[in-house]
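Scroll down for the structure; my scribbles are underneath it.
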Amino acid sequence: MSLRNKSTDWQVGNHEAYMPVYYKGAIAGFFKREFSESITKHLNEDELLKKALTTACTDLIRQSGGDIHQVKTLINEYLKMCDRPKYGTLAVAALLQERQQELDLGDREFTKFCDTFKLSPVELNNIYAGEHIDDSLIAPISRILGLPKDELIKVRDGCE
43 MSLRNKSTDW QVGNHEAYMP VYYKGAIAGF FKREFSESIT KHLNEDELLK KALTTACTDL
103 IRQSGGDIHQ VKTLINEYLK MCDRPKYGTL AVAALLQERQ QELDLGDREF TKFCDTFKLS
163 PVELNNIYAG EHIDDSLIAP ISRILGLPKD ELIKVRDGCE
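The sequence shown maps to residues 43 to 202 in the numbering used here.
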């Protein structure tokens, strides 16, 4: 048996074309041609948003007479507020909002949808307000979200 007929783990992809992507004049990586433009556009927009947030926080601190060295702390606070919660009632509320978007339903329609699964409008509003989710609501919420009950309980209770 010839060793040359056997495929090797490492191979050269001569048929693939990759473009270099630069960050401040240095090569940061290589991407396929069809993805490189959209990736660099997204990264540049991200940089622009970071600069805008820094400028806004700096202006806010200057106007309030605060310490200009607190800009990074303020930025981190704003980023933390915008971060999607991973556990607790607000995480379940975020999952419900995502489900509403998936179904492309307005607020009234989604409330009626949830009501058909035995999650009343009052209970839904209580979840959005951050109130504790009772065990009796786990089954209807899991059906609405299409998640197993035990996974929903882990999200609600904060278990990994």
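Backbone N, C-alpha and C define an ideal beta-carbon position, used for all residues, glycine too.
Would R198 pass as a contact of G130 if the rule is Cβ separation under 8 Å? Reading the sequence shown from its first residue, position 156 is the one you call residue 198. Reading the sequence shown from its first residue, position 88 is the one you call residue 130. Yes, they are a contact pair.
Look up K160 in the DSSP assignment and say whether it is helix, strand or coil. Indexing the sequence shown from 1 puts residue 160 at position 118. In the structure shown, K160 sits in coil (DSSP, three-state: anything other than H, G, I, E or B).
Hey, quick one: how far does the alpha helix (DSSP H) through P127 stretch, first residue to last? Here residue 127 is taken as the residue at index 85 of the sequence shown, counted from 1. Going by DSSP, P127 is part of no alpha helix (DSSP H) at all; its letter is neither H nor E.
Report back the beta-carbon spacing between I180 and I195 to the nearest angstrom; my notes put them in contact at under 8 Å. Here residue 180 refers to the residue found at position 138 when the sequence shown is read from its first residue. Here residue 195 refers to the residue found at position 153 when the sequence shown is read from its first residue. Going by Cβ atoms, the distance from I180 to I195 rounds to 6 Å, so yes, they are a contact pair.
What is the DSSP secondary structure of P182, counted as helix, strand or coil? Start at 1 with the first residue of the sequence shown, and residue 182 comes out as number 140. Of the three classes helix, strand and coil, the one that applies to P182 here is helix, per DSSP.
Alpha carbon to alpha carbon, what distance is there between F72 and I175? Translated into the one-based positions of the sequence shown, residue 175 becomes position 133. Translated into the one-based positions of the sequence shown, residue 72 becomes position 30. Taking the straight line from one Cα to the other gives about 47 Å.
Can you grab the Cα-Cα spacing for the pair N56 / L147, in whole Å? Here residue 56 refers to the residue found at position 14 when the sequence shown is read from its first residue. Here residue 147 refers to the residue found at position 105 when the sequence shown is read from its first residue. If I take the Cα positions, the gap works out to 48 Å.
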